[in-house]
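Chemist: In terms of full-length UniProt numbering, the sequence shown opens at residue 1 and continues consecutively.
Backbone N, C-alpha and C fix where the C-beta goes; we use that ideal spot for every residue, glycine too.
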Amino acid sequence: MAAYSITSPSPSCNLGRSIALLDSTKLSASRSLRCAPLRRSTARIRRLSALPQRQVVPRVEARKQTFSSFDELLEKSDKPVLVDFYATWCGPCQFMVPVLEEVSEKLKDKIQVVKIDTEKYVSIANRYRIEALPTFIIFRDGKPCDRFEGALPANQLIQRIESALKVTQ
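1) Assign Pro80 to one of two classes, buried (16 or more other C-beta atoms within 10 Å of its C-beta) or exposed (fewer than that).
2) Identify every residue that forms a DSSP beta bridge with Phe148.
3) Whose CA, out of Trp89, Thr88, Ser77 and Leu73, lies closest to the CA of Lys110?
4) Alpha carbon to alpha carbon, how far is Ile161 from Ala125? Give it in angstroms, no decimals.
5) Pull up the distance between the alpha-carbon of Val122 and that of Val114, whole angstroms please.
6) DSSP three-state call for Ile130: helix, strand or coil?
7) Applying the criterion that 16 or more other CB atoms from any shown protein chain within 10 Å of the CB defines a buried residue, is Thr25 buried or exposed?
8) Hey, how far is the Cα of Ser104 from the Cα of Asp146?
9) When the Cα atoms are used, what is the spatial distance from Glu75 to Ser68?
10) Going by the CB atoms, is the gap between Phe85 and Pro134 shorter than 8 Å?
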């Protein structure tokens, strides 16, 4: 009979195990657990309270509207429309979700933000030749006036939108 001993110590607890191999089919195990008394560290509590607290940001809820066609949406809009062509599996597209919410809130008087899933609306994606995600197209009076691809931080996206709207006015 061969005996093996495995011990895995930790800083506050010592978990010792001994395993004896009786024969090729049976294993016997016994454990012992010894723990040191818990000590409270006021320094750790102070360090945790010194961490920056998360800000509460007001949640912008998307307004779901139904249109019989994408063209109708563009024609009936009283403001320019920023269309985000995205896919659910696209990492940069997911990065843009809170960015678009922020942009939509800051520019709510200037532009309407619309998201189009390229896997659900393949015909629209093909019509505008969407080859990279995310792709953004700004429409004015039903026609595209600016197009760009890739994820951008909110401040750069706002600058891009405002410069496109100034050029087309």
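Modeler: Taking the structure as given:
1) In summary, Pro80 is buried, with 16 or more beta-carbon neighbours lying within 10 Å of its beta-carbon over all protein chains present.
2) Within the DSSP bridge table, the entry for Phe148 names Phe136 as partners.
3) Selected option, being the one with the closest Cα: Ser77.
4) For the pair Ala125 and Ile161, the Cα-to-Cα distance works out to about 21 Å.
5) When rounded, the distance between both Cα atoms is 16 Å.
6) Residue state for Ile130 is assigned as coil, using DSSP reduced to three classes.
7) Per-residue confidence for Thr25 stands at a pLDDT of 43, beneath the threshold of 50, marking its modelled position as unreliable; the derived number appears in the next sentence. With fewer than 16 Cβ atoms within 10 Å of its Cβ, Thr25 is classed as exposed.
8) Across the structure, Ser104 and Asp146 are spaced so that their CA atoms are roughly 17 Å apart.
9) As the crow flies, the alpha-carbon of Glu75 is around 12 Å from that of Ser68.
10) Contact: yes.
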